[in-house]
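Residue numbers (my numbering): 114 to 364.
Encoded structure:
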């Protein structure tokens, strides 16, 4: 099973506080045939020192340093271009994987010839304490279903380059992962959910205070410009997104 190389893409911007935990969660994987690409997006803290310490101790770790802050889409895409794996997985520099994440996912994808999978995940706070909250995922999802709402956690997603080819994120500041998932499913591929939690998403003050209007704007941009839906289709699918956000807000 370890014969299939997995490329792990990790963008980092001023992530010194959590970066070592995220990198270590990759090193600790029970599945050992991986390469990690850490892309420093012009950090002004000590992220580079952390990256280089891990890189010098493990030849599976690679680094890319961007000269100016360009956003996670460009950061991830720069590593995607350099990656060598049959499988592509994503992990942000403040999130953490469970030790069996890659093993469970690759085993399922190989057994069923799935091109794109994702899983449930849990929420941790800034101190790493697990909150009593599991983010569930659908058993499977189509392009039309995903247009209504993004139910795929970026930290859990994996796709097969051998089936799909290398696919990149749209160059926008937010919701770029959603754009990639839509591009994948638009090929006719079905996404399959794994009914167990394989990762921890860290909820920080930055993520909690993210500009909600900005997220709404980028979601519309994904539908209208990136997916090039007509105005009526865009309004139709956008209404589901707004409904979901409203329900979540009042829940």
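Backbone N, C-alpha and C fix where the C-beta goes; we use that ideal spot for every residue, glycine too.
Span separating the alpha-carbon of residue i from that of residue j
i	j	result
residue 140	residue 222	21 Å
residue 313	residue 237	6 Å
residue 181	residue 280	23 Å
residue 115	residue 285	34 Å
residue 287	residue 169	32 Å
residue 194	residue 351	32 Å
residue 130	residue 241	12 Å
residue 283	residue 271	17 Å
residue 138	residue 343	42 Å
residue 310	residue 249	8 Å
residue 220	residue 247	23 Å
residue 361	residue 264	13 Å
residue 335	residue 260	9 Å
residue 339	residue 347	11 Å
residue 172	residue 277	28 Å
Option nearest residue i by Cα separation, candidates the options
i	options	result
residue 58	242, 206 and 254	This structure leaves residue 58 out entirely; the chain is present only between 114 and 364.
residue 341	295, 267 and 117	295
residue 144	239, 167, 309 and 218	218
residue 290	156, 175 and 202	202
residue 328	262, 167 and 149	262
residue 306	117, 197 and 267	267
residue 273	258, 353, 215 and 156	215
residue 210	337, 198, 361 and 134	134
residue 349	258, 269 and 300	258
residue 326	345, 337 and 358	358
Same chain, Cβ closer than 6 Å to residue i, neighbours up to 5 away in sequence not counted
i	result
residue 302	228 and 229
residue 315	207, 208 and 237
Neighbourhood of residue i by C-beta distance below 7 Å, restricted to the same chain and skipping five residues each side
i	result
residue 124	152, 154, 185, 188, 189, 205 and 206
residue 167	136 and 174
CB-CB length for residue i against residue j, believed under 8 Å
i	j	result
residue 234	residue 119	In fact, because the Cβ distance is near 18 Å, the residues do not count as touching under 8 Å.
residue 160	residue 213	That pair is no contact at about 27 Å.
residue 150	residue 122	5 Å
residue 293	residue 256	The Cβ separation is near 13 Å, so there is no contact.
residue 239	residue 317	5 Å
residue 363	residue 332	Not really, about 19 Å apart at Cβ, beyond 8 Å.
Residues near residue i by beta carbon distance below 8 Å, same chain, minus five either side
i	result
residue 322	Model confidence at residue 322 stands at a pLDDT of 46, short of 50, so the residue's coordinates are unreliable; what they give is reported in the following sentence. Result list for residue 322: empty, nothing under 8 Å.
residue 191	152, 177 and 179
- Can you check the stretch 276-337 for any alpha helix (DSSP H) of at least 4 residues that lies completely inside it and give the ranges in chain order? Qualifying alpha helix (DSSP H) stretches, in chain order: 289-299, 318-321 and 325-334.
- Output the residue ranges of the alpha helix (DSSP H) runs that lie fully inside the stretch 118-195 and measure 4 residues or longer, sorted by chain position. 129-140, 160-170 and 185-195
- For the stretch 221-286, list the alpha helix (DSSP H) runs that are entirely contained and at least 4 residues long, ordered along the chain. 256-261 and 274-277
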